[in-house]
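Residue 19 in the UniProt record's numbering is what sits at position 19 of the sequence shown, and the numbering runs on without skipping anything. Written below as structure tokens is the structure these notes are about.
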Amino acid sequence: MSGKFETVTEIDRPIEEVFAFLADGTNDPKFSPRVQQIQKSPAGPTAVGTVFRSTVKDAGMKSKREMVITEFEAPWRIRWAETSKNSVTTPEGGYDLQETASGGTRVRLFNSLEGHGIGKLLVGFALSAVRKDAPALGERIKKAVEAS
Numbered sequence: 001m002s003g004k005f006e007t008v009t010e011i012d013r014p015i016e017e018v019f020a021f022l023a024d025g026t027n028d029p030k031f032s033p034r035v036q037q038i039q040k041s042p043a044g045p046t047a048v049g050t051v052f053r054s055t056v057k058d059a060g061m062k063s064k065r066e067m068v069i070t071e072f073e074a075p076w077r078i079r080w081a082e083t084s085k086n087s088v089t090t091p092e093g094g095y096d097l098q099e100t101a102s103g104g105t106r107v108r109l110f111n112s113l114e115g116h117g118i119g120k121l122l123v124g125f126a127l128s129a130v131r132k133d134a135p136a137l138g139e140r141i142k143k144a145v146e147a148s
């Protein structure tokens, strides 16, 4: 089993500012309490091929994650794929940004989840949890960007 979740939020900041914040994946702990720590490689601006390695805590269990940037089109689009081997992974995720008439930014975040091995039994529970949290995640992103 696999599936997708998404959330859309509007942020009262210009698209270039929102894109810069989201492109710096080391900002993820500011809006995602599951991210315990994160590092970027190589140093410098994010681009296709940049890797973010993190430790996350899901359902009380810690795991190591590695995401690689697969598409990067400033200030409109970021895509990533998980390369780590976990029971539930994200083969594709991303942000789509769009300017609003008021000068703000509409952000769509999505992630696909896929189960492997025992994860095939767990992915349905994971999808249910992230779909339930998706609106709150959108609000946390909004607050984090607007506070930066």
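Cβ coordinates follow ideal geometry from the N, Cα and C atoms, glycine included.
Exercise. Do you know how far the Cα of Glu10 is from the Cα of Ile69?
Worked result: Answer to the nearest angstrom: the Cα atoms are 23 Å apart.
Problem set entry | Length of the line joining the Cα atoms of Phe52 and Asp28 | 10 Å
Problem set entry | Phe19 vs Ala59 beta-carbon contact at 7 Å | No.
For this session: Could you tell me the boundaries of the alpha helix (DSSP H) in which Ser128 lies?
Result: 119–147
Problem set entry | Residues that Trp80 bridges to, as DSSP identifies them | Ile69, Gly93
For this session: Using only alpha-carbon positions, find the residue among Lys120, Ser148, Asn111 that is nearest to Ala134.
Result: Asn111
For this session: With a 10 Å radius around its C-beta and 16 neighbouring C-beta atoms as the bar for buried, classify Leu121 as buried or exposed.
Result: Label assigned to Leu121: exposed.
For this session: Return the CA-CA distance between Leu22 and Val56, expressed in angstroms with no decimal places.
Result: 18 Å
Exercise. Should Lys64 be labelled buried (16 or more other beta-carbon atoms within 10 Å of its own) or exposed?
Worked result: exposed
For this session: Classify Thr50 as helix, strand or coil using the three-state DSSP reduction.
Result: coil
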